[in-house]
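Quick notes on the structure that follows.
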Amino acid sequence: MAESRTQKMMLAGGALAALAASACCLGPLTLVLLGVSGAWIANLTALEPYRPVFIGGALVLVGFAWRGIYRARPAAACAPGTLCALPQN
């Protein structure tokens, strides 16, 4: 159960870091799509200096998620007649 929670936290962290990394591009694009325009949109670059940090964090968290999914220990096989060996209907 703890592994499942950790995997979910890693996946959520990777998704949030990816969104933060693209905030400098998606924010103005969203405003333009909503019909907001003007010269002041060019001033929405407050997060641009932090973009490499967000990208690095996203890559690290996605790497941890990959390791947790593909490099995890295989599940133990159930012995015949035990509760985990019974098919779910």
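In the numbering used here, the protein residues as written are 1150 to 1238. Don't be surprised by glycine CBs; every beta carbon is placed ideally from N, CA and C. It should be emphasised that the depicted structure is a prediction, and the values quoted were computed from it without experimental measurement.
Leaving aside the five residues before and after residue 1202 along the sequence, list all residues of the same chain whose C-beta is less than 8 angstroms from its C-beta, in chain order. To locate residue 1202, count along the sequence shown from 1; it is residue 53. No residues qualify anywhere along the chain.
If we count Cβ pairs, one from each stretch, closer than 8 angstroms, do we get three or more for the region 1211-1224 versus the region 1168-1176? no
Indicate whether residue 1155 and residue 1217 have their beta-carbon atoms separated by less than 9 angstroms. Reading the sequence shown from its first residue, position 6 is the one you call residue 1155. Reading the sequence shown from its first residue, position 68 is the one you call residue 1217. In this structure, residue 1217 lies closer than 9 angstroms to residue 1155 by Cβ.
Leaving out five residues on either side along the sequence, give the residues of the same chain with a beta carbon under 7 angstroms from the beta carbon of residue 1195. Taking the first residue of the sequence shown as position 1, residue 1195 is located at position 46. Correct list: empty, nothing qualifies.
With 16 other Cβ atoms within 10 Å as the buried cut-off, status of residue 1207: Here residue 1207 is taken as the residue at index 58 of the sequence shown, counted from 1. Classification of residue 1207: buried, given that the 10 Å Cβ count is 16 or more.
Chain-order list of residues whose beta-carbon lies under 7 angstroms from that of residue 1185 (same chain, five-residue window excluded): Against the sequence shown, residue 1185 aligns to sequence position 36. Nothing listed; no residue qualifies.
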